[in-house]
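Trainee:
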Amino acid sequence: DRVTGKVSEFGINENGVLIPGKGTVTQYKARTTLDLRLISVADAAIISTWTATGSETSYNLGVNILGIPNFSFSGRQFEESLLGKSTRQAVNSAADMIRRDVRAQAIQEHAARTPLAGKVADVDGNDLVLNIGSLAGMEIGWSVDILRVHKQVRDPDTGELLMEKRARIATAFVYSVEEKYSRAQVLMIEPGEQIAIGDVAEAQKTESAPAGQ
């Protein structure tokens, strides 16, 4: 993915301001606005958009307004000018927004790839009750792997559980979700296996899950 953008505002407004006891003085206000887009390199789709603005005001008649003579965007004079300061504010604001949104997107993508873990609470034929509900993030349309723990590996010195070896024995489809539990329909079960209360259930959102669910 890549970020593109344009400068949609870059200038200085000059206004007369009445200050009690001093009369009218000139107010200079620089404003810079950046319009940015995060675009997918795969299909050119727009993923996110941002608008970042910076402004700087001065009443000093001797203030460096444009950063001239010898104007240069990379020069120190520009950095110390009103436009330079407003531009720096806009750039810093854009960087903060991009950093925040990209981090949030990464967290969402990681969560989407990380299954919700629970257990089978009840079995009635091909109908299952799972102890994972909407409070845990479960949604209608998610797929569920039913796993059977066939071996536990423990630390020989402390007895601490190090890992569990599991095998998938069935898959199911979530069709109803309450706060603390959900119901799923078994789609496939391995030959010779039978789902039991206490089997591990790992639920994950699928591409075919209904939109908004």
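Okay, so the sequence shown: first residue is 560 according to my numbering, each after it adds one.
Cβ coordinates follow ideal geometry from the N, Cα and C atoms, glycine included.
Buried or exposed, going by whether 16 or more other CB atoms sit within 10 Å of the CB of S567?
Mentor: As a working mapping, residue 567 is identified with position 8 in the sequence shown. Under this definition S567 is an exposed residue.
Trainee: Excluding the 5 residues flanking A726 on each side, which residues of the same chain have their C-beta closer than 7 Å to its C-beta?
Mentor: Taking the sequence shown and counting its residues from 1, the one referred to as residue 726 is at position 167. Hits under 7 Å: L706, R707 and H709.
Trainee: From what residue to what residue does the beta strand (DSSP E) around Q818 run?
Mentor: What the structure shows of the chain is the stretch from 560 to 772, and residue 818 is not part of that stretch, so it cannot be assessed.
Trainee: DSSP state of Y734, grouped into three classes?
Mentor: Taking the sequence shown and counting its residues from 1, the one referred to as residue 734 is at position 175. Strand.
Trainee: Pull the bridge partners of R561 from the DSSP assignment, please.
Mentor: As a working mapping, residue 561 is identified with position 2 in the sequence shown. DSSP, once it has assigned bridges, lists I598 as partnering R561.
Trainee: Going by the beta-carbon positions, is the gap between A676 and V562 smaller than 8 Å?
Mentor: Taking the first residue of the sequence shown as position 1, residue 676 is located at position 117. Taking the first residue of the sequence shown as position 1, residue 562 is located at position 3. No; because the gap between Cβ atoms is not below 8 Å, this pair is not in contact.
Trainee: Suppose contacts are defined by Cβ-Cβ distances below 8 Å. Is G564 in contact with K678 by that definition?
Mentor: Here the question's residue 564 lines up with position 5 in the sequence shown. Here the question's residue 678 lines up with position 119 in the sequence shown. No, Cβ-Cβ distance for G564 and K678 is not below 8 Å.
Trainee: Let's test the definition: count the other Cβ atoms within 10 Å of the Cβ of Y618 and tell me whether it reaches 16, buried, or not, exposed.
Mentor: As a working note, residue 618 is residue 59 in the sequence shown. Classification for Y618: exposed.
Trainee: Between T730, I728, R713 and A729, which lies nearest to M722 when the distance is taken from Cα to Cα?
Mentor: Along the sequence shown, one-based indexing puts residue 722 at 163. The residue with the shortest Cα to Cα distance from M722 is R713.
Trainee: Indicate whether Y740 and V703 have their beta-carbon atoms separated by less than 8 Å.
Mentor: Taking the sequence shown and counting its residues from 1, the one referred to as residue 740 is at position 181. Taking the sequence shown and counting its residues from 1, the one referred to as residue 703 is at position 144. Result no, Cβ atoms of Y740 and V703 do not sit closer than 8 Å.
Trainee: Applying the criterion that 16 or more other CB atoms from any shown protein chain within 10 Å of the CB defines a buried residue, is V736 buried or exposed?
Mentor: Working through the sequence shown from its first residue, we reach residue 736 at position 177. Answer is buried; the Cβ neighbour count reaches 16.
Trainee: Could you tell me the distance, in whole angstroms, from the CA atom of P628 to the CA atom of T612?
Mentor: Against the sequence shown, residue 628 aligns to sequence position 69. Against the sequence shown, residue 612 aligns to sequence position 53. Residue placement at P628 is poorly supported in this model, since its pLDDT is 49, which falls under 50; the coordinates still yield a value, given next. Between P628 and T612, the C-alpha separation is close to 26 Å.
Trainee: With DSSP as the reference, label I699 as helix, strand or coil.
Mentor: Residue mapping note: residue 699 aligns to position 140 of the sequence shown, counting from 1. I699 falls in the coil class under three-state DSSP.
Trainee: So what's P628 in DSSP terms, helix, strand or just coil?
Mentor: Residue numbering aside, residue 628 sits at position 69 when the sequence shown is read from its first letter. Because P628 carries a pLDDT of 49, less than 50, the predicted location of this residue cannot be relied on, and no value is offered for it.
Trainee: Give me the residue from I605, I571, R742 and A755 with the minimum Cα distance to T592.
Mentor: Within the sequence shown, residue 592 is the residue found at index 33, counting from 1. Selected option, being the one with the closest Cα: I571.
Trainee: Does G677 come out as helix, strand or coil in the three-state DSSP assignment?
Mentor: By one-based count along the sequence shown, residue 677 stands at place 118. Correct three-state label for G677: strand.
Trainee: Which same chain residues end up closer than 6 Å to I606 when comparing Cβ atoms and leaving out the 5 residues on each side of it in sequence?
Mentor: Start at 1 with the first residue of the sequence shown, and residue 606 comes out as number 47. Answer for I606: L597 and S599, listed in chain order.
Trainee: DSSP three-state call for K644: helix, strand or coil?
Mentor: Reading the sequence shown from its first residue, position 85 is the one you call residue 644. Residue state, collapsed to three classes: helix.
Trainee: What would DSSP say about N526, mapped onto helix, strand or coil?
Mentor: Nothing about residue 526 can be read from this structure; the chain reaches only from 560 to 772.
Trainee: Please name the residue or residues paired with Y740 in a DSSP beta bridge.
Mentor: The residue given as residue 740 occupies position 181 in the sequence shown. DSSP, once it has assigned bridges, lists no residue as partnering Y740.
Trainee: Once you ignore the five residues that flank V745 on each side, which residues in its own chain have a CB closer than 6 Å to its CB?
Mentor: Within the sequence shown, numbered from 1, the residue matching residue 745 stands at position 186. Answer for V745: N685, A729 and A731, listed in chain order.
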